[in-house]
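Reading through the structure tokens given below for one structure.
Residue numbers (mature numbering (1 follows the signal peptide of the UniProt record, and there is no 0)): -26 to -1, 1 to 909.
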């Protein structure tokens, strides 16, 4: 019993000791009190609390000419007790000097706080006096009044991405010369730069969009039909172009407000602008970036840049200490700011680090280098880093296609896939891999050309510049490939100059706003002649027209060899705009020249790009090249408008205009909101694209949820209409009115004695077309015999009808027809896809287990006889008359050939009863024949 209790007691004591250890080791928090800027007195303020404003990364603001090696510099402003403090850690090789320090805080372009400090008066012993080999540790706290910080706007404490910096300047008393300057960005802890969150969300949506687009590209058995579904999936090119255009908005050489580079950092991954510190350290020497990332200044191993005369002006400067044997003692004297220690009540973790070499000063967001500084990439490293990620993406695309092939083969082997819709991809996966790699080059064209031209403009080292030249030439060759893809189709024809008329008509923008529209007279169809809009003016012109040498040649979207070779270029564009990929590539090349190569001329860059974007947007809107509606909405409208607004508002940030930073921040907020809505719209369109891809992949399913079945049918019909493969729609009202007039007409009624009770109707001149049999149930008072004729084996349109009618027979027939037949109407409803498709199912053997419903030629699916068509038209007329407010359910021609028809049992039940023999004499002729036969 005691043996059992002792281990339990020991375990209890051990747990008690472990629970006490954190309490013993933890230091008690230190509190202070003070009065805030709002006049409220605070009793318990933690000394390690986060300040209202504090600094981030810092750098040398004398262009690496400071005579100090600084490893730590931070400034803080506490609004709850009105104090300003700063810390400086470092060393120097100046022999001995008395110095003065000046601290200034600038917010939104104006100096809000400045104060001069005497280190001796502030009891900073390491600077009183300054000595070589002595570590510098300066910590000064200053109490201020509300008037001292009156210049700092209250909104600065809450607005994200505060634009400001803190600067400490050190002067030598003996010469009154500035010997040190260090600058750090100011922040309030709120920022739009959230690449871990926003970038991850955007990346996840993009991955799903890539999978959806790839699925539509590999599913199917007929190439033209695969192309049609692929054209209506959401384009990966548009997604990346949108995100890249948002990021490269910052490549213009203007002075951006701080919030825009922070916002653009969320999209840097789409341009390959992200890297780890180890990656940057490995690339920087090759890119021509040198320096020590652990410190800033020029007093240590970094050569001093003092302008040639600064060292001679400093009294007692020990130049001999710059010799190599003396550097070891200097290095050992360097004092770094210690890592954050949570057990120290006075320690904090909000201070910044020395900025990596090769980047602009903290707080300077001018041009592309300022945007790159937010993501921690020096400007000289940008091209090499982008090239590395471009090669990684190419390898990932090839690996992904091979993986998809392997997965599908395994699924087929283990019979996890019942459909043969992926058989074409499985047998042509190498071609898909080549198309995927070429498509990746097409998407990366703008990014790589922009980075290559940017590398040329910065006059970097020969190595990266030579690689940039090779990449530039390679992508020019790729542009030549796209031109060849266009010419290979157009060379089999000729061009003619024809006369035409340019019409200036009344149009609508967004279907509501009146606007002047331009239309070619040759593009107006015959059906539009009666509905011409108001004409303001017309201008005769001459245009170039392409004429194909072979009129029988398949159209570009039906030409399977061309789709196999160049479908990765032309597949998403309309039939009449299949060549738009050449225009798009030229457009992106000009944009890359402005954005990447126009760095040295800000005025020409910004104004030229703005004019070019306006002209290009007008042309693209007029062409409307995309076949899919979502692609049209995103690329033509949303993206074009966003580019124009962003570039137009960027003119205000030119340094020559000298706009106030508060106004610049307000304009920057407008740009951010526009681009935020653009990004949100792209995410919504990605979700819709995934839904449409699901419907495309389920186009062979016979059972589909009824709630969205109508939506799927309309989507398929919309695809066929846009692709130009749907059956031409005629005016339903006029057609039914015309058919209703020709269904039945009687000019007079006469009796005709016939010996044959069942005459042949085909040879008669009657205007009564064949019509489905209906249970008329008419009484025949004078009917003599009970002769009957079975018509159950006859087809629907081949039921017998009497050839001559009496007035009474016609009246009874007319009354019965006006009564309506609900069973017939329900039988002929078109609300189910399976009710009309059995007659088309014989054109192709089934798939496994279903058929590729929409991938057969239209000429082979309709096998209805003229009598069947007349019968269906008559039933539709009667259905519309009986239920005029019911929406007519249309059936997609893409689905009619694959869905099995259910047996029409209701019609058979009605028709099982044989029809009575009908003649036009009311039975008198039969009685006469009977009387003659009697003896």
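Cβ coordinates follow ideal geometry from the N, Cα and C atoms, glycine included.
I'd like the span of the alpha helix (DSSP H) that includes residue i, first residue to last.
i: residue 528; result: That residue, residue 528, is in no alpha helix (DSSP H); it is neither H nor E in DSSP.
i: residue 201; result: 197 to 205
i: residue 405; result: 403 to 431
i: residue 687; result: 680 to 697
i: residue 41; result: Segment: none, residue 41 is in no alpha helix (DSSP H) and carries neither H nor E.
i: residue 463; result: 436 to 464
i: residue 561; result: 554 to 571
Report all residues from its chain with a CB closer than 8 Å to the CB of residue i; omit the five preceding and five following residues, and keep chain order.
i: residue 507; result: 479, 480, 481 and 491
i: residue 602; result: 205, 206, 207, 208, 209, 546 and 696
i: residue 355; result: 249, 254, 257, 258, 261, 263 and 332
i: residue 360; result: 245, 246, 247, 421, 422 and 425
i: residue 464; result: 520 and 553
i: residue 579; result: 226, 227, 568, 569, 572 and 573
i: residue 523; result: 466, 467 and 468
Identify, in the order they occur along the chain, each residue of the same chain with its Cβ nearer than 6 Å to the Cβ of residue i, setting aside the five sequence neighbours on each side.
i: residue 426; result: 442, 445 and 446
i: residue 333; result: 347 and 352
i: residue 145; result: 74 and 152
i: residue 130; result: 81 and 136
i: residue 164; result: 134
Given a threshold of 16 other Cβ atoms within 10 Å of its Cβ, counted over all protein chains shown, does residue i qualify as buried or as exposed?
i: residue 341; result: buried
i: residue 33; result: buried
i: residue 461; result: exposed
i: residue 44; result: buried
i: residue 64; result: buried
i: residue 637; result: exposed
i: residue 150; result: exposed
i: residue 693; result: buried
i: residue 531; result: buried
i: residue 654; result: exposed
i: residue 650; result: exposed
Quick one: Cα of residue i to Cα of residue j, how far?
i: residue 35; j: residue 378; result: 54 Å
i: residue 604; j: residue 5; result: 59 Å
i: residue 99; j: residue 75; result: 14 Å
i: residue 666; j: residue 485; result: 25 Å
i: residue 629; j: residue 643; result: 19 Å
i: residue 196; j: residue 405; result: 15 Å
i: residue 190; j: residue 518; result: 36 Å
i: residue 568; j: residue 212; result: 20 Å
i: residue 661; j: residue 615; result: 22 Å
i: residue 350; j: residue 175; result: 21 Å
i: residue 123; j: residue 410; result: 59 Å
i: residue 393; j: residue 595; result: 40 Å
i: residue 466; j: residue 539; result: 17 Å
i: residue 498; j: residue 550; result: 15 Å
i: residue 679; j: residue 251; result: 52 Å
i: residue 219; j: residue 160; result: 28 Å
Taking the beta strand (DSSP E) that residue i belongs to, which residues open and close that run?
i: residue 74; result: 73 to 81
i: residue 160; result: 151 to 161
i: residue 15; result: 15 to 20
So, at 7 Å on beta carbons, what are the nonlocal neighbours of residue i in its own chain, with the 5 sequence-adjacent residues on each side left out?
i: residue 495; result: 474, 475 and 477
i: residue 180; result: 213
i: residue 115; result: 57 and 59
i: residue 689; result: 666 and 669
i: residue 564; result: 586
i: residue 117; result: 56 and 57
i: residue 92; result: 74
Between residue i and the ligand HEM, is the CB less than 8 Å from at least one heavy atom?
i: residue 442; result: No copy of the ligand HEM appears in this structure; indeed no ligand is present at all.
I'd like to know if residue i contacts chain B, where contact means its C-beta is closer than 9 Å to some C-beta of that chain.
i: residue 224; result: Given the protein chain composition of this structure (a single chain), no chain B is represented.
Does the segment 22 to 30 touch the segment 47 to 61, meaning 3 or more C-beta pairs lie closer than 8 Å? yes
Per the contact definition of three or more C-beta pairs closer than 8 Å, is the segment 323 to 338 in contact with the segment 262 to 272? yes
For the segment 127 to 145 and the segment 71 to 86, state whether three or more C-beta atom pairs, one from each stretch, are separated by less than 8 Å. yes
With contact counted as at least three CB pairs below 8 Å, one residue from each stretch, are the segment 453 to 461 and the segment 429 to 440 in contact? no
Three or more beta-carbon pairs under 8 Å between the segment 236 to 243 and the segment 573 to 591, yes or no? no
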